[in-house]
Amino acid sequence: MRNRIRMIVVILACAGAAACGDGSAGSASQPARAPVIPRALATDLAAQADAVAVSLDAQHGCAALDQARRLGTAVDAAIAAGRVPAKLQPQLQATAARLVAGIRCVPPPPPPNNQKPPGHDRHHHKHHGPGQNDQGDGG
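Just remember that my numbering sits 620 ahead of the position in the sequence shown, which is counted from 1.
The structure is reproduced here in structure tokens:
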């Protein structure tokens with residue numbers, strides 16, 4: 621799993637470094653460039669993917685899953701904001717979805733000190749003797 625996360629980071633970093641736009645349009649004398657992801661966006665997404673890898677390395681699956689979901693949300697937001705070229709959107713979304721799908725969150729068991737003794741979940745004890753709850757007894 622760690623290698624897959626690192627690969628995602630590399631893909632995102634390469635998309636940012638090799639295909640980053642500087643915000644200026646190319647001149648007529650320059651050939652058409654490949655679709656680009658803004659450098660800041662690619663760096664941010666790569667950092668988020670790296671944080672997922674760190675959590676997985678530390679065996680914190682639930683934290684990693686939460687981080688991966690936030691990464692997916694960031695990818696969706698960037699696409700919705702028009703910051704990711706249409707050609708790159710399917711690959712980026714699929715990669716983020718595969719990342720989330722590949723992480724398992726298994727919460728740790730509760731510590732033994734928090735366990736209640738068996739049978740103490742509900743109170744079913746009668747505190748009154750026979751006839752004390754009857755009406756008209758005055759008992």
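Quick reminder that beta carbons are idealized off the backbone N, C-alpha and C, glycines included.
If you're wondering where the values come from, they're calculated on a predicted model, not measured in any experiment.
Exercise for the section: Provide the residue span of the alpha helix (DSSP H) that contains P689, from first to last. Expected result: One detail in the question is off: residue 689 reads as Arg in this sequence, not Pro. Its alpha helix (DSSP H) spans residues G681 to A700.
Problem - Rounded separation between L685 and A700 - CA only - result: Those two C-alpha atoms are separated by around 22 Å.
Practice task
State the DSSP-derived secondary structure class of A666, mapped to helix, strand or coil.
Solution key: Of the three classes helix, strand and coil, the one that applies to A666 here is helix, per DSSP.
Practice task
Measure the alpha-carbon distance for N733 versus L712 and round it to whole angstroms.
Solution key: The straight-line gap from Cα to Cα measures roughly 45 Å.
Exercise for the section: Could you tell me whether the stretch 672-682 touches the stretch 653-663, using the rule of 3 or more Cβ pairs below 8 Å? Expected result: Contact fails: fewer than three Cβ-Cβ distances are below 8 Å.
Exercise for the section: Measure how close the beta-carbons of L708 and I657 come, nearest whole angstrom, since I'm counting them as under 8 Å. Expected result: About 6 Å separates the two Cβ atoms, so the contact holds.
Problem - L708 - containing alpha helix (DSSP H), residue span - result: Segment: none, L708 is in no alpha helix (DSSP H) and carries neither H nor E.
Handout entry: Collapsed DSSP secondary structure at R718 in the structure displayed
Key = Assignment of R718 by DSSP, reduced to helix, strand and coil, places it in the helix class.
Exercise for the section: State the DSSP-derived secondary structure class of R659, mapped to helix, strand or coil. Expected result: Residue state, collapsed to three classes: helix.
Handout entry: Distance between D696 and A678 (C-alpha atoms, nearest Å)
Key = Going by the C-alpha atoms only, they are around 27 Å apart.
Practice task
Please find out if some non-hydrogen atom of the ligand SAM comes closer than 7 Å to the beta-carbon of R653.
Solution key: Annotation note on the ligand SAM: not contained in the displayed structure, which lists no ligands.
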